[in-house]
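Numbering-wise, the sequence shown is residues 21 to 149 according to the numbering used here.
Even glycine gets a Cβ: it sits at the ideal position worked out from N, Cα and C.
For clarity, every value in this text was computed on a predicted model and none was experimentally measured.
Here the structure is laid out as structure tokens; the discussion comes afterwards.
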Amino acid sequence: MKYKLIIFDLDGTIWDHEDISSLTPPFRKISKNTIVDLRGTLVKLYPYVKETLSKLKQMGFILAIVSWNKEKIALEALDAFGLAGLFDYYCIEYHPYKEKMIKKILKKIYEEENEIKSFQVIYIDDRDI
Numbered sequence: 021m022k023y024k025l026i027i028f029d030l031d032g033t034i035w036d037h038e039d040i041s042s043l044t045p046p047f048r049k050i051s052k053n054t055i056v057d058l059r060g061t062l063v064k065l066y067p068y069v070k071e072t073l074s075k076l077k078q079m080g081f082i083l084a085i086v087s088w089n090k091e092k093i094a095l096e097a098l099d100a101f102g103l104a105g106l107f108d109y110y111c112i113e114y115h116p117y118k119e120k121m122i123k124k125i126l127k128k129i130y131e132e133e134n135e136i137k138s139f140q141v142i143y144i145d146d147r148d149i
């Protein structure tokens with residue numbers, strides 16, 4: 021079995037904050053793995069996240085994000101960390117129905133004539149869906 025697509029959650033999975041949507045942009049990078057919002061709240065990447073994502077891209081995996089967040093804020097945080105360019109697809113919506121977001125990602129991929137079977141997908145989250 022060959023996996024092709026890896027889908028990641030953001031809060032509690034990529035970074036240590038549990039609700040990036042509650043923060044106040046703009047974000048400012050203060051170290052390699054830490055950003056701070058306008059009110060001084062720190063957000064840290066989990067260890068080796070950027071290196072792992074870069075390696076997965078080099079290995080040919082399609083990377084995607086599915087996250088229950090406010091899209092604009094989540095994308096600003098990804099950009100501040102320098103991670104935005106590592107992901108091929110994202111579906112960031114402000115509701116808890118991640119299975120619907122995953123279906124949207126798969127539909128986008130299919131529309132671009134990339135066939136992905138469900139058994140070729142890995143979903144990484146800090147919670148069950």
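When the options are compared against residue i, the one with the closest alpha-carbon
i, options, result
"Leu58", "Phe101, Ser51, Phe47 and Ala84", "Phe47"
"Asp145", "Pro67, Lys77, Tyr68 and Ser87", "Ser87"
"Glu119", "Asp148, Pro45, Lys77 and Leu76", "Asp148"
"Asn89", "Glu38, Glu135 and Phe81", "Glu38"
"Ile34", "Ser41, Lys24 and Val63", "Val63"
C-beta contact flag for residue i and residue j at 8 Å
i, j, result
"Lys49", "Ala97", "no"
Residue i, enclosing alpha helix (DSSP H) - first and last residue
i, result
"Thr72", "Val69 to Gln78"
"Phe101", "Glu91 to Phe101"
"Glu131", "Lys118 to Glu131"
Cβ-based neighbour list, residue i, same chain, cut-off 6 Å, excluding 5 preceding and 5 following
i, result
"Tyr143", "Ile27"
Delimiting residues of the beta strand (DSSP E) encompassing residue i
i, result
"Ala104", "From DSSP, Ala104 is part of no beta strand (DSSP E); its letter is neither H nor E."
"Phe28", "Leu25 to Phe28"
"Ile136", "Neither: Ile136 is in no beta strand (DSSP E) and is coded neither H nor E."
7 Å Cβ shell around residue i - same chain, five flanking residues per side excluded
i, result
"Val106", "Reading off the sequence, residue 106 comes out as Leu, not Val. If we look at Leu106 and ignore the five residues flanking it on each side, its Cβ neighbours are Leu73, Ser74, Lys77 and Leu83."
Mind the definition here: the segment 129-137 touches the segment 28-42 only if three or more C-beta pairs lie below 8 Å; say whether that holds. In this structure the segment 129-137 does not lie against the segment 28-42, because fewer than three pairs of beta carbons, one per stretch, are closer than 8 Å.
Contact between the segment 102-119 and the segment 72-86: three or more CB pairs below 8 Å? Verdict: yes, contact present.
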